[in-house]
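Peer 1: Shown below is the structure under consideration.
Number of protein chains: 2
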Amino acid sequence: MHILIAEAKPMTPLQLFKLLADETRLQCVLLIAEQGELCVCELTCALKQIQPKISRHLAMLRKASLLLDRRQGQWVYYRINPALPDWALSCIQQTLAQNSTLLSPLQQNLCAMGERPQRLSACCA
Amino acid sequence: MHILIAEAKPMTPLQLFKLLADETRLQCVLLIAEQGELCVCELTCALKQIQPKISRHLAMLRKASLLLDRRQGQWVYYRINPALPDWALSCIQQTLAQNSTLLSPLQQNLCAMGERPQRLSACCA
DNA sequence: TTTATATATGCGAATATCCATATATACTCT
DNA sequence: AGAGTATATATGGATATTCGCATATATAAA
C-alpha cells in the first residue's frame, strides 16, 4: 500500500522534533526502532492506548516518511524509514540507546518475537 | 543569577523534543550551539523576532536546564548546558552538523565575533 | 537622578494539538 | 455472501501552546 511516487523532500529538524514531541508517537517510534517492525495492534497493546489513537499517530509518522508500512494479510507493519537523513536516524538511535528504561514497561506487553498468535488481541490484557 | 540549588532530574526525551519542536527555540538552540554563547539581543537580531518572544523561549530552555545563562553587565549570555545527557547533546550536535544551511541566513545577521559594538542594536536592521 | 538599553513577565487572544467517538474500509475465514 | 478482526479517517470538543502588547525590572551612561 502507499506507493511511493516520487522521492519526498528530506525531513527538516523542526519536522522531526515536532513528530517526536508527542508521548504516543515517541513511544511508537522508539519501540519500532528497537523491535525492527511492529503492527498497529501490537503497538495498541504495548502502549495500552485505543486503536484509532495509535493509527492516527502512525499515519502522521507515515505521511512524514518517518515510518514505512507494509501490509501482510490483515496486519500492517510499520518500520523506521532507513532512507531518513543520518542526523535523524542518529537522534532516534542515540535516544533509544540511552533511554532503554523508558521502553521496558512497554516491551512487557508485547508478544515474544516469533510467537505471534493468529488473533493478536490475545496478546492484550 | 539563577543559582542551582540541587541537581535537577535528567531531561527526558519527550521534554527535549518538545523544547526543540518550536521554530524559534530550535533556531536559538542551534545558533547558540554553533556560536558557543549568544545574548538575547543578538538572537533577537539574528532571528528577526521581537525581544519578548525570544526572551520567553530562552526562559523555557533555561528552566528545563537545556541552556545556562550568565549575566555580563546589561547583557545575559546563553549557552548549551554541557551537563546535558549524552544522547541530548548528540541530538543537538548531529542536527547542527548536518543542517548548516538552515543557520546561514541567521548567521548573516550576527555581529562578527569579537566585534560586538557597545550598542548591540547597531547590529540589527 | 534622569535617560537609554537590555531583559523578563503578566495577560488575553489567536492558533495549534490532541482526544474520544462514530464510522468506513480492508482482509480472512467459513 | 456474511461474520469477525484489523486498520483508517472524519468530526467536534477539550486542552495546550504560542503570540503580541504592555509593562516591570535591571544595568549602564549621561
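Protein chains in written order, with numbering that gives the first Met the number 0: chain Y, 0 to 124; chain S, 0 to 124. Glycine included, each C-beta is placed from N, C-alpha and C at the ideal position.
Starting from the C-beta of residue 14(Y), find all residues in its chain whose C-beta is less than 8 Å away, skip the five residues before and the five after it, and write them out in chain order.
Peer 2: Around residue 14(Y): 63.
Peer 1: Run down chain S in chain order and give the residues with a C-beta less than 8 Å from the C-beta of residue 20(Y).
Peer 2: By Cβ distance, chain S contributes 13, 16, 17, 19, 20.
Peer 1: On the premise that residue 109(S) lies in contact with residue 32(S), defined as a C-beta separation below 8 Å, what is that separation, rounded to the nearest angstrom?
Peer 2: Contact doesn't hold; Cβ gap of about 14 Å is too wide.
Peer 1: Are the C-beta of residue 106(S) and some C-beta of chain Y separated by less than 8 Å?
Peer 2: So, not an interface residue.
Peer 1: Run through the region 44-123 of chain S for me and flag every whole alpha helix (DSSP H) of 4 or more residues, listed as ranges in chain order.
Peer 2: For the region 44-123 of chain S, whole alpha helix (DSSP H) runs of length 4 or above, ordered along the chain, are 50-62, 85-96, 99-106.
Peer 1: For residue 10(Y), collect the residues of the same chain with a Cβ closer than 8 Å to its Cβ; drop the 5 residues on either side in sequence, then sort them by chain order.
Peer 2: Answer for residue 10(Y): 63, 64, 65, 83, 84, 87, listed in chain order.
Peer 1: Any beta carbon of chain S sitting closer than 8 Å to that of residue 80(Y)?
Peer 2: So no, residue 80(Y) is outside the interface.
Peer 1: Which residues of chain Y have a Cβ atom closer than 8 Å to the Cβ of residue 129(S), listed in chain order?
Peer 2: Within the shown structure, residues of chain S are numbered from 0 to 124, placing residue 129(S) beyond reach of any answer.
Peer 1: Going by beta-carbon coordinates alone, are residue 47(Y) and residue 20(S) separated by less than 8 Å?
Peer 2: Cβ distance not < 8 Å, so residue 47(Y) and residue 20(S) don't count as in contact.
Peer 1: Answer yes or no: does any C-beta atom of chain Y fall closer than 8 Å to that of residue 10(S)?
Peer 2: Answer no: the Cβ-Cβ gap between residue 10(S) and chain Y never drops below 8 Å.
Peer 1: With C-beta atoms as the reference, is residue 37(S) less than 8 Å away from residue 30(S)?
Peer 2: Taking 8 Å as the Cβ cut-off, residue 37(S) and residue 30(S) qualify as a contacting pair.
Peer 1: Flag this pair as yes or no: are the beta carbons of residue 26(Y) and residue 39(Y) separated by less than 8 Å?
Peer 2: No.
Peer 1: Leaving aside the five residues before and after residue 95(S) along the sequence, list all residues of the same chain whose C-beta is less than 7 Å from its C-beta, in chain order.
Peer 2: These residues qualify, in order along the chain: 29, 32, 33.
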